[in-house]
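Our numbering applies: residue 502 is where the sequence shown begins, and numbers increase by one.
Here's the structure we're looking at; comments come further down.
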Amino acid sequence: MQKIIVIFIAAVMVLAAVGFVVPVQLSAPPDARIVLDHTNETYVAPACFNDADVTNNLTETTYAEAKRVEYTPESVCTEHELTAQEVPLFMALLQWLGLVSHPWEES
């Protein structure tokens, strides 16, 4: 019985170590908030909105909708805000569980 406990603890420690080392790619979720500019057919990340060159023909929607209508990013800022980020597996798990906020979470 004691041997099983030692093996279990060792396995948990190895999995925890792997979780801190193995990187995974996280992309912006489909429901991430985006502003569409219908005149220019572009989309803007909320963090980039104040510096964006947009018209008054705007709609707030999701990243999935912006991709569906095939609009392009308004600026490099928007591209950067929505690019995949590499994080350790452990951090990705915490973000998935909602224990840590992800970069695309609304403030």
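Don't be surprised by glycine CBs; every beta carbon is placed ideally from N, CA and C.
The model shown is predicted, which means the values in this text are computed figures rather than measured ones.
Q: Return the CA-CA distance between Gln503 and Ala511, expressed in angstroms with no decimal places.
A: The alpha-carbon separation between Gln503 and Ala511 amounts to approximately 12 Å.
Q: Measure from the alpha carbon of Thr563 to the alpha carbon of each residue in Asp532, Thr540, Ala593, Phe591, then state which is nearest.
A: Comparing alpha carbon positions, the residue from Asp532, Thr540, Ala593, Phe591 closest to Thr563 is Asp532.
Q) What span of residues does the alpha helix (DSSP H) with Val523 cover, start to end? A) Where Val523 is concerned, there is no enclosing alpha helix (DSSP H), given that its DSSP letter is neither H nor E.
**Q.** Separation of Ala546 from Glu582, as counted between CA atoms
**A.** 7 Å
Q: Taking Leu600 as part of the beta strand (DSSP E), name the residues at either end of that continuous run.
A: Taken as a continuous stretch (DSSP letters only), Leu600 belongs to no beta strand (DSSP E), as it is neither H nor E.
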